[in-house]
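Asker:
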Amino acid sequence: MTRSGQEYLDSLRDGREVWLDGERVKDVTRHAAFRNTASSIARLYDLAHESEHREVLTSGGVHRAFAVPRSYEDLVARRKAYKVWAESSFGFLGRSPDYMAGGAAGFAAVPQLFTTDSFDGADNALAYHRRLAEGDLYSAFTITNPHSGEGEDDLVVRVVAEKDGGIVVSGAKTVGTGAVFADEVIVGTIEPLAPGDVEHALCFSVPIGTPGLRFVSRTSYEAQARSVFDNPLSSRFDENDALLVCEDVFVPWERVLTYRNVEATGAMWWQTPAYLNFGHQAATRFWTKLEFLTGLAILLTRTNKTYQLPAVTQSVGRLLGMVAQAKAFVLAAEASYEQVDGGRGGVRPGQEISFAQRIMAGELYPRAVQEIKLLAGGGVIQLPASAEDLLHPQLGPVVRKYLRAPGSSAEDRIKLLKLVWDALGSEFAGRHEQYERFYHGAPHVYLTMQTWAGGAENCEELARACLDGYGLPPAGQDLGTDK
Ligand SMILES: Cc1cc2nc3c(=O)[nH]c(=O)nc-3n(C[C@H](O)[C@H](O)[C@H](O)COP(=O)(O)OP(=O)(O)OC[C@H]3O[C@@H](n4cnc5c(N)ncnc54)[C@H](O)[C@@H]3O)c2cc1C
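Counting in full-length UniProt numbering, the sequence shown runs from 1 upward without gaps.
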């Protein structure tokens, strides 16, 4: 059954080992670097209990992202649930709990893929999905490897001992987005492993508070924020990215999904609907984020009194065209849904369109940011350092006098411009640009995949048909070029 926000927050006090700035964080729900974002995630859980959203977000008391979709209508219903959560963070919580929920549903659709000669993880994959769905749990995932050079120490998570009840693992994984706020983390590998590299071919899921599991947080934008007024997004939606380090972590067999099998360790993401389900959430959130940024551009240009200028109207039109593109990718992936082969069946969003969405989003996002920065001018820079200046008895009136604009008070204008800069120009904003380009993998990987999966044959055939429709004329025939 769905949890309340408070139940979620209480679950985070489990002794998890989170480090920031050389300090071990005692409680992420209270620490200044994490507490507001934890509250924003708790808010997502609360939404499922509000009469206005309950039906859209849940079915049978379970969040819709955990459902294995059986039809086009199920995909649409899931997207509507994704949209409600995405709007709650204006698209800035990329790895909200519904992301990996869809991944778990993907595993459950094809559980037999986890049965291999080296390990039978099918029941564990089903149990993983059931545990998450029934407990309404938040799972993060770390499936990106640190870069170990040949002949250097092995930095990647690997098994160091086998015991009766499970395995002992050591090593690291990188960029665990949301991990410090999650209940569990999946540790695996999405990059293709070399044939025979069974040492690194494993995937498991453990609670974040598991002894020996350590999370080293990057800089906290929430901690750097002066106030919600000054940094409205980074102060509340800093979902965090952490290096995961395992030091002799014991993983019970029932938590292991794949073991010593190179094919299954990769295929669990690609041959189940897991990755395409990720894409469905991500594409819906991306669409929402572009809607929000475009809304900011409209408010900005209305405040600057430039909205009616033809060039600015066209710029807004360009942004709205981007929103429509982002929306079209969601609708098209749903409309081109495919049956899932084997297993427990169901449907998945269309692969070709879902894969292409990654390319579109990675290229579109920086262009959208650039477009709005051009509309913003210097106003987003010339702002008081903090709300303190506005509140100061002597300085406040000065700031209010010189930073107002025709038709808008200084306070309203500063509030808007600070929001714009937090979204587009802050360190938090820079991280988001990198996120939209890389969260789904490296460009050289997804561009190559598109060539394999993106209908190259049809394109080639069409061009070939044109070529086949004519040829070199017989010698002596008038070529018709002397006109
Ligand atoms: C904000 C953010 C959040 C993320 N969250 C998560 C998460 O929650 N979980 C997770 O597991 N991962 C996460 N990632 C990691 C993401 O999946 C990786 O960044 C991505 O797969 C690229 O891997 P890398 O960072 O090691 O880049 P690298 O492999 O170092 O690549 C860097 C650049 O070099 C290019 N390149 C590398 N090798 C080649 C080649 N052979 N040919 C051509 N070009 C090449 C790449 O395309 C890329 O542009 C996140 C990343 C970011 C930025």
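Beta carbons are placed, not taken as given, at the ideal position from N, Cα and C, and that holds for glycine.
(1) Closer than 7 Å: is that where the CB of F278 sits relative to any heavy atom of ligand 1?
(2) Report all residues for which the CB-ligand distance to some heavy atom of ligand 1 is below 5 Å; order them along the chain.
(3) With H, G and I counted as helix, E and B as strand and the rest as coil, what does DSSP make of E37?
(4) Tell me, please, whether the stretch 414–423 touches the stretch 450–464 by the rule of three or more beta-carbon pairs shorter than 8 Å.
(5) Whose CA, out of D468, F141, E199, R464, lies closest to the CA of V157?
(6) At a cut of 8 Å, does the stretch 425–436 reach the stretch 217–234 through at least three beta carbon pairs?
(7) Would you say the stretch 26–35 touches the stretch 63–83, given that touching needs at least three Cβ pairs under 8 Å?
(8) Work out the CA separation of K305 and L290 for me, nearest whole Å.
(9) To the nearest angstrom, how far is it from the Cα of G455 to the Cα of V18?
(10) Pick from R70, L403, L293, D248: whose alpha carbon is nearest that of A385?
(11) On the three-state DSSP scale, how would you describe I298?
(12) Count the other C-beta atoms from every protein chain shown that fall within 10 angstroms of the C-beta of N124, then say buried if there are 16 or more, exposed otherwise.
(13) Using DSSP's beta-bridge definition, name the partner residues of E352.
(14) Quick one: what does DSSP say Q339 is sitting in, helix, strand or coil?
(15) Once DSSP output is grouped into helix, strand and coil, what is the label at I372?
(16) Which residue or residues does DSSP assign as beta-bridge partners of P252?
(17) Any chance you could list the alpha helix (DSSP H) runs of at least 4 consecutive residues sitting entirely within the stretch 265–314, in chain order?
(18) Taking Cβ positions, are D14 and G176 nearer each other than 8 Å?
(19) In whole angstroms, what separates the C-alpha of E162 from that of Y259?
(20) Can you have a look at E436 and say buried or exposed, based on whether 16 or more other CB atoms are within 10 angstroms of its CB?
(21) Which whole-angstrom value is the C-beta distance of Q281 and Y82, which I expect to be below 8 Å?
(22) What three-state label does DSSP hand D137 in the structure shown?
(23) Near S88, what residues of its chain come up, given a Cβ to Cβ distance below 8 Å and the 5 sequence neighbours on each side ignored?
(24) Quick check on the DSSP output: the beta strand (DSSP E) that includes S217 runs from which residue to which?
(25) Using the three-state DSSP reduction, which class does V316 fall into: helix, strand or coil?
(26) Could you check the C-alpha separation between G94 and E239 for me, to the nearest Å?
(27) Decide if N458 is buried, meaning its Cβ has at least 16 other Cβ atoms within 10 Å, or exposed.
(28) Quick check: the Cα distance between P273 and A108, rounded to an integer number of angstroms?
(29) Could you name the residues that DSSP lists as bridge partners for L186?
(30) What first and last residue would you give for the alpha helix (DSSP H) that runs through V399?
(31) Tell me which same chain residues have a C-beta within less than 6 Å of the C-beta of G106, skipping the five on either side of it?
(32) Kindly indicate which residue of D248, A283, L132, V369 has the alpha-carbon position closest to the one of W85.
(33) Can you list, in chain order, the residues of its chain with a C-beta nearer than 8 Å to that of G196? Leave out the 5 residues immediately preceding and following it.
Answerer: Taking the structure as given:
(1) no
(2) T142, I143, T144, V175, T177, Q434, Y435, F438, Y439, G441, A442, P443, H444
(3) The sequence given here has Thr at residue 37, not Glu. The answer is helix: DSSP assigns T37 an H, G or I state.
(4) no
(5) E199
(6) yes
(7) no
(8) 22 Å
(9) 45 Å
(10) L403
(11) helix
(12) buried
(13) According to DSSP, E352 bridges with nothing at all.
(14) strand
(15) helix
(16) G166
(17) 274–303
(18) no
(19) 11 Å
(20) buried
(21) 5 Å
(22) The sequence as given places Leu at residue 137; Asp does not occur at that position. If DSSP states are grouped into helix, strand and coil, L137 belongs with coil.
(23) S40, R43, L44, L47
(24) 213–217
(25) helix
(26) 8 Å
(27) exposed
(28) 9 Å
(29) In the sequence as displayed, the identity of residue 186 is Ile instead of Leu. According to DSSP, I186 bridges with F141, S205.
(30) 395–402
(31) T272, P273, A274, N277
(32) A283
(33) V262
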